[in-house]
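In what follows, a structure is listed as structure tokens, so that the remarks can point back to it.
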Amino acid sequence: MHTKMAAGWLLRGSLLLALSAASCAYSQAADDVAQIKSAPAPQGELSPQANYVLRCLGCHRPDGAGSPAGGIPDFNNYVASFAETERGREYLMHVPGVVGASLSDNEIAEVMNYIMQRWGGTSLRANFQPFSAEEVARLRQTNVGDVVKYRRVVVAELQAMGLPVADYPWP
66 MHTKMAAGWL LRGSLLLALS AASCAYSQAA DDVAQIKSAP APQGELSPQA
116 NYVLRCLGCH RPDGAGSPAG GIPDFNNYVA SFAETERGRE YLMHVPGVVG
166 ASLSDNEIAE VMNYIMQRWG GTSLRANFQP FSAEEVARLR QTNVGDVVKY
216 RRVVVAELQA MGLPVADYPW P
């Protein structure tokens with residue numbers, strides 16, 4: 066009898082903890098949506114926050130954590146490492162979500178800068194150079210071939226420099 070009662074309380078406690086965690090995640094998403102309404106954007110363009118919600122959030126989630134097991138890297142304290150090298154910046158312009166985003170070069174630059182500032186954390190260096198529309202246009206013209214293979218090359222370069230890189234399970 067006592068074992069059944071203890072199991073019931075344990076189940077209730079676990080459920081309460083899970084609901085609390087979900088509430089925190091949705092609270093952060095609500096904060097992001099609130100920023101969308103207040104962030105100015107150039108005429109005819111959405112704000113970087115709005116474009117993140119519309120184009121990136123589905124895979125990278127409201128907190129930038131992605132889904133490493135699903136091949137979606139965590140942004141938190143890692144993503145800005147890719148902005149440290151030309152190849153890293155080039156790689157960012159060729160990830161599937163950017164390639165298929167149908168955003169202008171300026172919108173992509175603004176979203177990239179938003180991501181770097183929001184989730185770069187300890188990987189964001191003081192000398193970070195923001196992306197520009199001109200740079201995005203130039204980098205998008207390059208051919209990196211197989212983006213997964215190219216990521217491996219970039220990661221090896223970044224790790225040799227001692228920069229942090231998120232786990233990525235794809236071979």
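In this text, residue positions in the sequence shown follow our numbering: the first is 66, and each later residue adds one.
A virtual CB, placed ideally from N, CA and C, is assigned to each residue, including glycine.
Residue burial annotation: Val230 is buried, with at least 16 other C-beta atoms found within 10 angstroms of its C-beta. Classified as buried, Val144 has 16 or more neighbouring CB atoms from the shown chains inside 10 Å of its CB.
Under the DSSP definition of a beta bridge, Ile137 partners with Ser132.
Ranked by Cα distance from Glu200, the options Pro234, Arg152, Gly123, Gly185 are led by Arg152. Around Gln182, the same chain offers no residue with a beta carbon nearer than 6 Å, after the five sequence neighbours per side are excluded. It is roughly 10 Å from the alpha-carbon of Ala174 to the alpha-carbon of Val163.
DSSP places Asp170 in the helix class (H, G or I) of the three-state scheme. Taking C-alpha positions only, Gln114 is separated from Ser167 by approximately 16 Å. Judged by beta-carbon spacing, Val219 lies within the 7 Å limit of Tyr156, meaning their Cβ atoms are closer than that value. Rounded to the nearest angstrom, the Cβ distance from Ile137 to Gly131 is 4 Å, consistent with a contact under 8 Å.
The shortest C-alpha to C-alpha distance from Gly123 to any of Leu111, Pro161, Ala148 is the one to Pro161. A Cβ-Cβ separation of about 11 Å leaves His159 out of contact with Val213 under the 8 Å criterion. Residue ranges of uninterrupted alpha helix (DSSP H) with 4 or more members, entirely inside the segment 190-235 and ordered along the chain, are 198-205, 212-225.
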